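For the sequence shown, position 119 matches number 264 in this note's numbering, and the numbering has no gaps at all. The structure appears right after this line, and notes come after that.
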Amino acid sequence: MTARADIEAITNRIRERSRESREAYLGRIAAAAGKTANRAVLSCGNLAHGFAVCSPPEKVALGADRVPNLGIVTSYNDMLSAHQPFETFPQLIKQAAKEAGGIAQVAGGVPAMCDGVTQGQPGMELSLFSRDVIAMAAAIGLSHNMFDAAVYLGVCDKIVPGLLIAALTFGHLPAVFIPAGPMPSGIPNDEKAKIRQLYAEGKVGRAELLEAESKSYHGPGTCTFYGTANSNQMLMEIMGLHTPGASFVNPNTPLRDALTREAAKRALEITALGNAYTPVGAMIDERSIVNGVVGLHATGGSTNHTIHLIAMAAAAGIRLTWQDISDLSDAVPLLARVYPNGLADVNHFHAAGGMGFLIRELLDAGLLHEDVRTVWGEGLRPYAVEAKLGADGQVVREAAPRESGDARVLAPAATPFQSTGGLKVLNGNLGHAVIKTSAVKPERRIVEAPAKVFASQQALNDAFKAGELTGDFVAVVRFQGPKANGMPELHKLTTVLGILQDRGQHVALVTDGRMSGASGKVPAAIHVTPEALEGGAIGRIHEGDVIRLDAEAGSLEVLVTADELARRTPAPADLSEGEHGFGRELFAGLRHMAGRADHGASVFAG
Numbered sequence: 146m147t148a149r150a151d152i153e154a155i156t157n158r159i160r161e162r163s164r165e166s167r168e169a170y171l172g173r174i175a176a177a178a179g180k181t182a183n184r185a186v187l188s189c190g191n192l193a194h195g196f197a198v199c200s201p202p203e204k205v206a207l208g209a210d211r212v213p214n215l216g217i218v219t220s221y222n223d224m225l226s227a228h229q230p231f232e233t234f235p236q237l238i239k240q241a242a243k244e245a246g247g248i249a250q251v252a253g254g255v256p257a258m259c260d261g262v263t264q265g266q267p268g269m270e271l272s273l274f275s276r277d278v279i280a281m282a283a284a285i286g287l288s289h290n291m292f293d294a295a296v297y298l299g300v301c302d303k304i305v306p307g308l309l310i311a312a313l314t315f316g317h318l319p320a321v322f323i324p325a326g327p328m329p330s331g332i333p334n335d336e337k338a339k340i341r342q343l344y345a346e347g348k349v350g351r352a353e354l355l356e357a358e359s360k361s362y363h364g365p366g367t368c369t370f371y372g373t374a375n376s377n378q379m380l381m382e383i384m385g386l387h388t389p390g391a392s393f394v395n396p397n398t399p400l401r402d403a404l405t406r407e408a409a410k411r412a413l414e415i416t417a418l419g420n421a422y423t424p425v426g427a428m429i430d431e432r433s434i435v436n437g438v439v440g441l442h443a444t445g446g447s448t449n450h451t452i453h454l455i456a457m458a459a460a461a462g463i464r465l466t467w468q469d470i471s472d473l474s475d476a477v478p479l480l481a482r483v484y485p486n487g488l489a490d491v492n493h494f495h496a497a498g499g500m501g502f503l504i505r506e507l508l509d510a511g512l513l514h515e516d517v518r519t520v521w522g523e524g525l526r527p528y529a530v531e532a533k534l535g536a537d538g539q540v541v542r543e544a545a546p547r548e549s550g551d552a553r554v555l556a557p558a559a560t561p562f563q564s565t566g567g568l569k570v571l572n573g574n575l576g577h578a579v580i581k582t583s584a585v586k587p588e589r590r591i592v593e594a595p596a597k598v599f600a601s602q603q604a605l606n607d608a609f610k611a612g613e614l615t616g617d618f619v620a621v622v623r624f625q626g627p628k629a630n631g632m633p634e635l636h637k638l639t640t641v642l643g644i645l646q647d648r649g650q651h652v653a654l655v656t657d658g659r660m661s662g663a664s665g666k667v668p669a670a671i672h673v674t675p676e677a678l679e680g681g682a683i684g685r686i687h688e689g690d691v692i693r694l695d696a697e698a699g700s701l702e703v704l705v706t707a708d709e710l711a712r713r714t715p716a717p718a719d720l721s722e723g724e725h726g727f728g729r730e731l732f733a734g735l736r737h738m739a740g741r742a743d744h745g746a747s748v749f750a751g
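So this is what it looks like as structure tokens:
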């Protein structure tokens, strides 16, 4: 079969698997549209509260249901560099809505935490569940039923997935996602990584480390490496939830502001009060989800989306699996080299041709579904463009360049960096796991070595400092799953294991926790499912057991007999340290309800 045929076959099996749940979902949003697509269902008291602060003309217009009202859901705060630019967006959106003959109101705010701030800290244990909290917070804002469409202001790790889950839950409303863009480039990411390694080895001090980090993360905008935040932006564009070319324009620029105003006006154009009604729940279908997975593989995107995409798809009644994601990886070539999969950052990617070039190449190769609906209209081909600022201050679009501006960063589909995507699912007697291969050298993708077992990333780091991590080994870090402690990212392991690998040791990681979207050169089998706390085999590994991780064959095995593995008593879990402090006690119920990683690690049923 050709890659095009493979993608069509995978899409069809997702469609068939999802038929019952998708039909039920579409029925619900159709009913919601019929009952709540306008404010006529609200009582006079309801309306009076909803437009109390509006001007008299706006009250008349909203009361008569004559104009569309745009809800703004914002994740603004001024501690996160990626979200600080959103401070000015509501006013831009309100002005644009007024010019278009509509009204805009801030429907509500959602929390936004930064994994970069909480890496290795107690707050990281709230991170994954913040996605579902964000979805619920957005739902509260939209539940007032004052809105004909919504725009969503979000960028980073769990924020965009949470916002999309909310948008799809209110699937009868049109939804446009508005990004803020990446910060300008700072010091190169590989230079920053070298300073981190030198610090871990005691060769530079904290002052040098802080200087390097500050030169990398230095202003408003998204961090420039290709982690989960920038993978989010790629997904929103390739799934048709951004306006074309919007993802990677820097904040606080005239073009960024023009794109924001344009997005607000477009959201008003696609309400039920106009002629181009585009409810997001009907717009996003199996083809859109597959396009998102294809984009993830083609760019070497974040492993976190092997969890988030499943949860987002489920919100639309679509049943995506890890096997679907893995099979799509076999059909999709890697076209981008952005750190940690290369030396470039997202600004270099954008300058080389960016999303327009990528989408055009994938479309021409038959690797994307072109016949989808987007917030821009019918078909994905209008996204094969580059957005620029016209002489009148409005957005204009040109066809994406025919050739990459830097073939080291962005390759054509005819000559990819590798013939398969950057993610793979591993299966074996340890269960299921995910590995990001795009940054791992081919000669590093198979590791067979004795296990060194730890109950936390701190324990492994302590062993490193004590000089105990000698020889070849597979680090097993368990009791890090959703039910155990909220499945924190174990980003601090990246530096330590990278140092050992650079010293010539053959090392790998096996964990039921997560690694950052920036995880790199060390082979890491992550999201191991079932997790240790649920009786998964990872909880039966003994110190010294030989583990074989084979990213080429897609296998993950502990080399003991099935009888021996079954006889073993699972390791005891002492989770008392993580039950309190930094709000962790408030999340106890979510840990209890959390689903498996391969089901989206969601607290929502179904």
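We put the beta carbon where it would ideally sit given N, CA and C, even for glycine. Quick caveat: nothing in here was measured; it's all calculated off a predicted structure.
query	result
I'd like to know if the region 292 to 306 and the region 217 to 228 are in contact, where contact means that at least 3 CB-CB pairs between them fall below 8 Å.	yes
Under the three-state reduction of DSSP, which class applies to Ala663: helix, strand or coil?	Because Ala663 sits at a pLDDT of 49, beneath the cut-off of 50, its placement in the model cannot be relied upon, and the point is left open.
Determine the burial state of Asp277: buried for a count of at least 16 other Cβ atoms within 10 Å of its Cβ, exposed for fewer.	buried
Along the alpha helix (DSSP H) that carries Val506, what are the first and last residues, could you check?	The sequence given here places Glu at residue 506; Val does not occur at that position. Start and end: Gly499 to Asp509.
Could you say which of Met384, Leu207, Glu724 and His744 lies nearest to Leu465 if we only look at CA atoms?	His744
Could you check the C-alpha separation between Ile415 and His317 for me, to the nearest Å?	12 Å
For the alpha helix (DSSP H) that Glu593 lies in, which residues bound it at each end?	From DSSP, Glu593 is part of no alpha helix (DSSP H) but of the beta strand (DSSP E) over Ile591 to Phe599.
Can you tell me whether Cys368 is buried or exposed? The criterion is at least 16 other CB atoms within 10 Å of its CB, across all chains shown.	buried
So if DSSP puts Lys581 in a beta bridge, which residue, or which two residues, is it bridged to?	Leu568
Counting only the same chain and skipping the five closest in sequence on each side, list residues whose C-beta sits under 7 Å from that of Arg482.	Ala489, Arg553, Val554 and Phe562
For Met224, is the classification buried or exposed, using 16 other Cβ atoms within 10 angstroms of its Cβ as the cut-off for buried?	exposed
Out of His442, Ala338, Gln378 and Ile671, point me to the one whose CA is closest to Asp125's CA.	For residue 125 there is no data in the structure shown, the boundaries of the chain being 146 and 751.
Who are the Cβ neighbours of His289 in its own chain at under 8 Å, not counting the five residues just before and after it?	Gly195 and Ala252
Answer yes or no: does any C-beta atom of chain C fall closer than 8 Å to that of Ala252?	No chain C is part of this structure, which consists of one protein chain only.
Among the residues of its own chain, which have a CB less than 6 Å from the CB of Glu593, if the five just before and after it don't count?	Arg693
First and last residue of the alpha helix (DSSP H) that includes Arg341?	Asn334 to Ala345
Helix, strand or coil: which one does DSSP assign to Ser700?	strand
Between Leu507 and Gly498, what straight-line distance do the alpha-carbon atoms span, to the nearest angstrom?	13 Å
Can you look up Gly576 in the DSSP assignment and give me helix, strand or coil?	strand
Assuming contact is defined by CB atoms lying nearer than 8 Å, are Leu355 and Arg341 in contact in what I supplied?	no
Would a C-beta distance cut-off of 8 Å place Pro675 and Val491 closer than the cut-off?	no
Could you check if Val205 is buried or exposed, using at least 16 other CB atoms within 10 Å of its CB as the buried criterion?	exposed
Where are the alpha helix (DSSP H) runs, 4 residues long or more, that stay fully inside the region 185 to 253, in chain order?	189 to 195, 201 to 208 and 234 to 244
Looking at the structure shown, is Tyr170 part of a helix, part of a strand, or coil, going by DSSP?	helix
Leaving out five residues on either side along the sequence, give the residues of the same chain with a beta carbon under 6 Å from the beta carbon of Cys259.	Leu225
Quick one: give me the first and last residue of the beta strand (DSSP E) that Phe618 is part of.	Phe618 to Val622
Going by beta-carbon coordinates alone, are Leu479 and Gly567 separated by less than 8 Å?	yes
Identify which residue in Val439, Pro202, Ile452 and Gly501 has its Cα closest to the Cα of Gly550.	Gly501
Please report the residue range of the beta strand (DSSP E) in which Lys303 lies.	Run containing Lys303: none; DSSP gives neither H nor E here.
Below 8 Å between beta carbons: does that hold for Ala148 and Ala559?	no
Nearest CA to the CA of Ile683: which residue from Ala696, Phe599 and Met738?	Phe599
Taking Ala670 as part of the alpha helix (DSSP H), name the residues at either end of that continuous run.	Taken as a continuous stretch (DSSP letters only), Ala670 belongs to no alpha helix (DSSP H), being part of the beta strand (DSSP E) at Ala669 to Thr674.
Can you determine whether any heavy atom of the ligand SAM sits closer than 7 Å to the C-beta of Ala604, and answer yes or no?	You won't find the ligand SAM in this model; it holds no ligand whatsoever.
At the level of alpha carbons, what is the spacing between Ala663 and Pro202?	For Ala663, the predicted model reports a pLDDT of 49, less than 50, meaning its position is unreliable; a value from the coordinates is still stated below. Spanning the two alpha carbons is a distance of roughly 50 Å.
Is DSSP giving Pro527 helix, strand or coil here?	helix
Does DSSP classify Arg164 as helix, strand or coil?	helix
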